[in-house]
Amino acid sequence: MTTESNIVEMTLESDLNRVEMVEEIARRVSATAGFDEDDQHKIEMAVHESVINAIWHGNKNDPSKQVWLRFQIFDDRLEIRVRDQGIGFDPSSVANPLKEENLLNVSGRGIFLIRTFMDEYRVKKLEGQGTEVTLVKRLNSNNSGQ
Amino acid sequence: MTTESNIVEMTLESDLNRVEMVEEIARRVSATAGFDEDDQHKIEMAVHESVINAIWHGNKNDPSKQVWLRFQIFDDRLEIRVRDQGIGFDPSSVANPLKEENLLNVSGRGIFLIRTFMDEYRVKKLEGQGTEVTLVKRLNSNNSGQ
Amino acid sequence: MSMKSTLRQVDSVIVVDLSGRITLGEGCTQLRELVREQLGKGTKFVLLNLADVTYIDSSGIGELVSAFTTVSNQGGQLKLLNLTKKVHDLLQITKLYTVFDVHDDEAKAISSFEKAAGA
Amino acid sequence: MSMKSTLRQVDSVIVVDLSGRITLGEGCTQLRELVREQLGKGTKFVLLNLADVTYIDSSGIGELVSAFTTVSNQGGQLKLLNLTKKVHDLLQITKLYTVFDVHDDEAKAISSFEKAAGA
Ligand SMILES: Nc1ncnc2c1ncn2[C@@H]1O[C@H](COP(=O)(O)OP(=O)(O)O)[C@@H](O)[C@H]1O
Ligand SMILES: Nc1ncnc2c1ncn2[C@@H]1O[C@H](COP(=O)(O)OP(=O)(O)O)[C@@H](O)[C@H]1O
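Residue numbers (our numbering), protein chains in the order written: chain C, 1 to 146; chain Y, 1 to 146; chain G, 1 to 119; chain W, 1 to 119.
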């Protein structure tokens, strides 16, 4: 047992059918952390987009690869980490979907939504193999997503 | 990342206010594992009773002590482990609440309900300190709880 | 979401409409205090309406038993009204269903107290 | 819970009542095929009724954009009806709200196609 508390962790197959379970758990953990329904929905969406990216871009839909999630409730924030077994990427090189020329693109809005809904979004390459994305949402933050 | 998948783990303070979150997660994980609503409710109740026991009897309500939970989905069953930091107990010495002389007892029905609702209930003393309870519910089991 | 209770007097019976969770902690404590308070006021007949109880755990069941025996020991009667399927099943499993006087019609439940009182 | 769609013809417009989740996977695939099929049948005017859409993700938004451009490229029109607050907010955030022709009155939405057709 670790000395840290209020942690929910998940290890999942790269299977889109698991995403709805993760969303509901995200919502429930957010409620427990003290977020209102609006923020719960934002966190749920950010987690949804992150897990989809981990399965799709990170693990290339390979069912033998796993996605690992960790929610930790702090007094002032909720911290969420999502790991995949992929080679990672540079989030600063992702195109801005709000630019005129990208507006009608079919994809490329996931990270933008995560950034809009959360207070922090960080990407880290893990030692060995894998990528870890960290999402932070602070309680009473002014990041209203609009 | 472990090589096992479909795992949800939780580390919680010994706080009754966390129990509702755990129940909802238990229900959601049970649904994902393939249990119908009836069984989801039984699993939820068994988890509720186990976590209450871990907080109450195991950790003696000491908020500095933790409860650790682990759900693992297998093809044919859901396995749930609940750990506390207490000194453990011998489940075979727990009185039978259905006996005439115990029928009007105010307590002592938790483990009985867990056993009724699940297919397996095991208690193990952990090396060092702590107790681990294992609950197993098989898919398509005939343990209808009545 | 915890437990809520509303009290109504019908004839000589206090009907307690319970809703929400009767579980270890708040729900159980509330129920215990409510029964104690009624007994303190001289109430003899208590009818617990469980129609809107969403969840009851082993401690909640214990609390019902405790309320039952406390009221009985004071020469009163405590009965149950409108069990949900879940509560019904739990009382069956724990062999308490026949211990309690269970009703699903409020008027009849009320008059069952009256009869006993008139006896 | 995945996506459901029901098609209705009103005048020259195919109204698609969508419900459930428009997300990566089933929901998006279904929407894409539906639009393709309609274009194959010569449909020019498509009105997507999103009133009962409970969830849409970035892929679902992308799918709406894709439907919009596909229909436009074939000389048709695709419009949106009855956005929930959530979908409305997402289209605002992604600056797509003004790209789409959005309606909240079906009759008016239908006649807006007619007008364009008559022009
Ligand atoms: N976990 C990940 N591993 C590798 N690449 C990723 C990951 N998440 C995002 N990306 C990269 O960032 C890009 C933008 O992602 P996103 O904004 O979610 O849009 P989309 O998923 O629609 O492409 C992706 O196309 C992909 O190249
Ligand atoms: N995790 C635990 N650690 C220590 N003792 C326990 C634990 N779980 C149960 N027990 C013991 O088993 C007894 C019976 O538990 P239970 O059937 O749940 O009824 P109750 O909790 O109402 O006493 C408890 O009173 C306690 O002594």
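Beta carbons are placed, not taken as given, at the ideal position from N, Cα and C, and that holds for glycine.
Check, Outcome
"Is the beta carbon of residue 92/Y within less than 7 Å of some heavy atom of ligand 2?", "no"
"Since residue 58/G is in the alpha helix (DSSP H), which residue starts that stretch and which ends it?", "58 to 73"
"Does the region 7 to 25 of chain C come within contact of the region 5 to 16 of chain Y, defined as at least 3 CB pairs closer than 8 Å?", "yes"
"So is residue 99/W in contact with chain C if we call contact Cβ pairs under 8 Å?", "yes"
"With 8 Å set as the bound, which would you pick, yes or no: does the beta-carbon of residue 135/C sit closer than that to a beta-carbon of chain W?", "no"
"Comparing the CB of residue 106/G with every heavy atom of ligand 1, is any distance shorter than 7 Å?", "no"
"Three-state secondary structure (DSSP) at residue 70/Y?", "strand"
"Going by DSSP, what residue range makes up the alpha helix (DSSP H) through residue 26/G?", "26 to 40"
"Pick helix, strand or coil for residue 4/C, following the three-state DSSP scheme.", "coil"
"What residue ranges within the region 18 to 46 of chain Y form continuous alpha helix (DSSP H) runs of no fewer than 4 residues, ordered along the chain?", "19 to 33"
"Tell me whether residue 39/C counts as near ligand 2, meaning its Cβ is closer than 7 Å to at least one heavy atom of that ligand.", "no"
"Below 8 Å on the Cβ atoms is my guess for residue 58/Y versus residue 85/Y; work out the distance and round it to an integer in Å.", "7 Å"
"Leaving out five residues on either side along the sequence, give the residues of the same chain with a beta carbon under 7 Å from the beta carbon of residue 77/C.", "136, 137, 138, 139"
"When burial is assigned at 16 or more other CB atoms within 10 Å of the CB, is residue 40/Y buried or exposed?", "buried"
"Please state the DSSP three-state secondary structure of residue 106/Y.", "coil"
"Note down the Cα distance separating residue 42/G from residue 45/Y, rounded to an integer number of angstroms.", "36 Å"
"Using beta carbons (cut-off 8 Å, strictly below), is residue 11/Y in contact with chain G?", "no"
"I need the boundaries of the beta strand (DSSP E) containing residue 77/G, first residue and last residue.", "77 to 81"
"Return yes when the Cβ of residue 84/G is within less than 8 Å of the Cβ of residue 50/G, no when it is not.", "yes"
"Using a beta-carbon distance below 8 Å, is residue 45/Y in contact with chain G?", "yes"
"Bridge partners of residue 10/C, per DSSP?", "69/C, 8/Y"
"Which residues in the same chain have their Cβ closer than 7 Å to the Cβ of residue 90/G, if we skip the five residues on either side of it in sequence?", "56, 61"
"Just how far apart, CA to CA, sit residue 124/Y and residue 91/Y?", "10 Å"
"Does the region 64 to 78 of chain C come close enough to the region 96 to 114 of chain C to have 3 or more Cβ pairs within less than 8 Å?", "no"
"Excluding the 5 residues preceding and the 5 following residue 112/Y in the sequence, name in chain order all residues of the same chain whose CB lies nearer than 6 Å to its CB.", "97"
"For residue 146/Y, decide whether its Cβ has a neighbour in chain G, counting only Cβ atoms nearer than 8 Å.", "Residue placement at residue 146/Y cannot be trusted, given a pLDDT of 45 that sits under 50; the coordinates are not used to answer."
"Looking at residue 58/Y and ligand 1, is the gap between the Cβ and the nearest heavy atom below 7 Å?", "no"
"Are residue 28/C and residue 25/Y close, meaning C-beta to C-beta below 8 Å?", "yes"
"For a test of your reading of the model: does the CB of residue 53/Y fall under 7 Å from any non-hydrogen atom of ligand 4? Yes or no.", "With respect to small molecules bound, the structure shown includes ligand 1 and ligand 2 and not ligand 4."
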